[in-house]
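Here's the structure we're looking at; comments come further down.
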Amino acid sequence: TQLLEQSPQFLSIQEGENLTVYCNSSSVFSSLQWYRQEPGEGPVLLVTVVTGGEVKKLKRLTFQFGDARKDSSLHITAAQTGDTGLYLCAGARGNEKLTFGTGTRLTIIP
Amino acid sequence: DTAVSQTPKYLVTQMGNDKSIKCEQNLGHDTMYWYKQDSKKFLKIMFSYNNKELIINETVPNRFSPKSPDKAHLNLHINSLELGDSAVYFCASSQDFDRVRSGANVLTFGAGSRLTVL
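If you read the protein sequences in the order shown, they are chains A and B. Residues 1056 to 1165 in our numbering are what the first sequence lists, from first letter to last. Residues 6 to 123 in our numbering are what the second sequence lists, from first letter to last.
Structure (structure tokens):
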């Protein structure tokens, strides 16, 4: 059973457009992290959210943690080719290990 | 200096062989991990060590044996390689295990070791 489902699985959009990707679960998480992974590299942390309803901004990226702490979204404004990569959410539940989501592969077309 | 470095980056070998992947971190972190990323990019934890002690051991075949000589190193040895072992293996570290649970800390990953079993 996959605890964290990400959607869409694949997304290709033109440079300059906006997009939102989602990370959903039926379980409550104490915290949630977003990572970006580029080809040939390991995932790199973008943000951690810990409070239900929390919104964090990182330049053109806006992260939101759901009120019930079961889901999260990542919105990118005016996408750039440098945003291309695999976006992974990862959640921690109580005393359990960090669990990664299924990933969204984002391609920004010049 | 690379924070988490793993070698080799690429490994191509025949079925039945034994191989090792090495990992070192210079961040002073207490906890290290091995993750496996399959062809669908799903990242799954295999093992975790905290100060040289095994704290997570997922359902992984006995052919996989991690070894941590000190808290800065975590190596992965794989015996009798099978086709299904082909994947990218990532080493990662965190300041300590409890902080990862609480969300107050993060994982730093290496660049990955792509294993291809022929």
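Using N, Cα and C, we set each Cβ at its ideal position, and we do this for glycine too. Computed from a predicted model, the values in this text were never measured in an experiment.
Where the beta strand (DSSP E) through residue i begins and ends
i: residue 1152 of chain A; result: Note, residue 1152 of chain A: premise wrong, no beta strand (DSSP E); not H, not E.
i: residue 18 of chain B; result: 15 to 18
i: residue 1091 of chain A; result: 1086 to 1092
i: residue 55 of chain B; result: 48 to 55
i: residue 1103 of chain A; result: 1099 to 1104
i: residue 58 of chain B; result: 58 to 62
i: residue 1159 of chain A; result: 1159 to 1164
i: residue 93 of chain B; result: 92 to 99
i: residue 82 of chain B; result: 78 to 83
i: residue 1130 of chain A; result: 1126 to 1131
Minimum Cβ-Cβ distance from residue i to chain B less than 8 Å
i: residue 1088 of chain A; result: yes
i: residue 1113 of chain A; result: no
i: residue 1125 of chain A; result: no
i: residue 1141 of chain A; result: yes
i: residue 1121 of chain A; result: no
i: residue 1158 of chain A; result: yes
i: residue 1103 of chain A; result: yes
i: residue 1096 of chain A; result: yes
i: residue 1058 of chain A; result: no
i: residue 1116 of chain A; result: no
Identity of the residue in the options nearest residue i by Cα
i: residue 1100 of chain A; options: A/1074, A/1089, A/1061, A/1079; result: A/1089
i: residue 82 of chain B; options: B/74, B/101, B/25; result: B/25
i: residue 120 of chain B; options: B/16, B/50, B/27; result: B/16
i: residue 45 of chain B; options: A/1143, A/1111, A/1073, A/1109; result: A/1143
i: residue 13 of chain B; options: B/23, B/71, B/28, B/62; result: B/28
i: residue 56 of chain B; options: B/8, B/62, B/90, B/79; result: B/79
i: residue 75 of chain B; options: B/117, B/118, B/9, B/58; result: B/58
i: residue 1217 of chain A; options: A/1155, A/1154, A/1136, A/1146; result: Since the first residue of chain A shown is 1056 and the last is 1165, residue 1217 of chain A is not available in this structure.
i: residue 1164 of chain A; options: A/1058, A/1140, A/1157; result: A/1140
i: residue 1058 of chain A; options: A/1161, A/1162, A/1157; result: A/1157
Neighbour flag for residue i against chain A, beta carbons, 8 Å
i: residue 77 of chain B; result: no
i: residue 61 of chain B; result: yes
i: residue 46 of chain B; result: yes
i: residue 117 of chain B; result: yes
ask   = Is the stretch 31 to 51 of chain B touching the stretch 83 to 98 of chain B, taking contact as three or more C-beta pairs under 8 Å?
value = Touching, per the Cβ criterion.
ask   = Below 8 Å, can you find three or more Cβ-Cβ pairs linking the stretch 1077 to 1087 of chain A to the stretch 1116 to 1125 of chain A?
value = yes
message = Tell me whether the stretch 1098 to 1118 of chain A and the stretch 54 to 70 of chain B touch, counting them as touching only if at least three CB pairs, one residue from each stretch, are closer than 8 Å.
response = no
query = With a cut-off of 8 Å, do at least 3 Cβ pairs link the stretch 81 to 96 of chain B to the stretch 1142 to 1158 of chain A?
reply = Under the three-pair Cβ rule at 8 Å, the stretch 81 to 96 of chain B does not count as touching the stretch 1142 to 1158 of chain A.
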